[in-house]
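Note that the sequence shown covers residues 1 to 200 in the UniProt record's numbering.
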Amino acid sequence: MKIVVILGHPQKGSFNHAIAELAVDTLRSEGHEIIYHDLYEEGFDPVITSEEIPKGARIDAVIEKHCRHIAEADGIIIVHPNWWGMPPAIMKGWIDRVIRPGVAYAFLENDKGEGVPIGLLKAKAAIVFNTSNTEQAREIDVFGDPLETIWKNCIFSLCGVDNFYRRMYGIIVTSSEEERRHWLEDARQAVLKYFPGDTK
């Protein structure tokens, strides 16, 4: 299987980096083909222009490559921190520029964009790993777990990927080495469950 891993965290050595690297190593050991994008390392430009928005618009070579990778992916793994209940701006910009019409979704004929899109992604599963410094109960009770809504309901379900799993790890700022080892093993097991060894 071809699996795309997208990381959105600015600090090298972060726990997000550890999760992404573990995912890549686990997938590779299972025989999968990996496409790995560290958005900050690559200097990904998150700013979309008005000219780029319409379906069929001319897009630059970098965005074209990302679009091709996400369209061809058999599986997708996203890794980023929870910042104000949202992905970092670079990840939101990646969504804006790459999860685009004609690549990730389309509308029925004569639909001007007011309807429910048809998903175009062929990925069999998607995993989102997040980190947070907010207690999980407070995240759900007070804020309604906005990242779950964004990734599951607003993105992947509308783009045709219904086999979805998301896991939030925290509290990161006070976590121990033992807790982080446990979380990494948890992430490894999730990757193995959703993307078992390639049998080709």
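Glycine is no exception: its CB is placed at the ideal position from the N, C-alpha and C atoms.
| Check | Outcome |
| --- | --- |
| For Lys200, three-class secondary structure by DSSP | Any reading at Lys200 must be qualified, since the residue scores a pLDDT of 49, below 50, and its modelled position is unreliable; no value is offered. |
| Terminal residues of the alpha helix (DSSP H) in which Lys193 lies | Glu177 to Tyr194 |
| Residues near Ser132 in its chain [Cβ-Cβ closer than 8 angstroms; skip 5 each side] | Pro81, Asn82, Glu139, Met168, Tyr169, Gly170, Ile171 and Ile172 |
| Contact between the stretch 179 to 192 and the stretch 11 to 26 (3+ Cβ pairs under 8 angstroms) | yes |
| Counterpart residues of Leu7 in DSSP-defined beta bridges | Asp38 and Val79 |
| Min CB distance Leu22 to chain C below 7 angstroms | As a matter of chain content, chain C is missing from the structure shown, which is built from one protein chain. |
| Burial state of His182, where buried means 16 or more other Cβ atoms lie within 10 Å | exposed |
| Cβ contact check for the stretch 64 to 76 and the stretch 3 to 19: 3 or more pairs under 8 angstroms | yes |
| For Ile76 and Ala123, believed in contact at Cβ under 8 angstroms, the rounded distance | 5 angstroms |
| Continuous beta strand (DSSP E) stretch holding Phe164: start and end | Phe164 to Tyr169 |
| Where Gly102 falls: helix, strand or coil (DSSP) | coil |
| 8 angstroms contact criterion, which Leu158 and Pro117 should meet: CB distance rounded | 5 angstroms |
| Beta-ladder partner(s) of Glu33, from DSSP | Lys2 |
| Three-state secondary structure assigned by DSSP to Ala125 | strand |
| Cβ distance (whole Å) where residue 243 is taken to contact Arg97 below 8 angstroms | Here the chain covers residues 1 to 200 and nothing more, so residue 243 does not appear. |
| Residues near His37 by beta carbon distance below 6 angstroms, same chain, minus five either side | Ile6 |
| Closer than 6 angstroms: Val173 CB and nearest the ligand SAM heavy atom | As presented, the structure is devoid of all ligands, the ligand SAM included, so that no description of it is given. |
| Sequence-distant residues of the same chain with beta carbon closer than 7 angstroms to Tyr105, five excluded per side | Pro117, Ile118, Gly119, Leu120, Leu158 and Cys159 |
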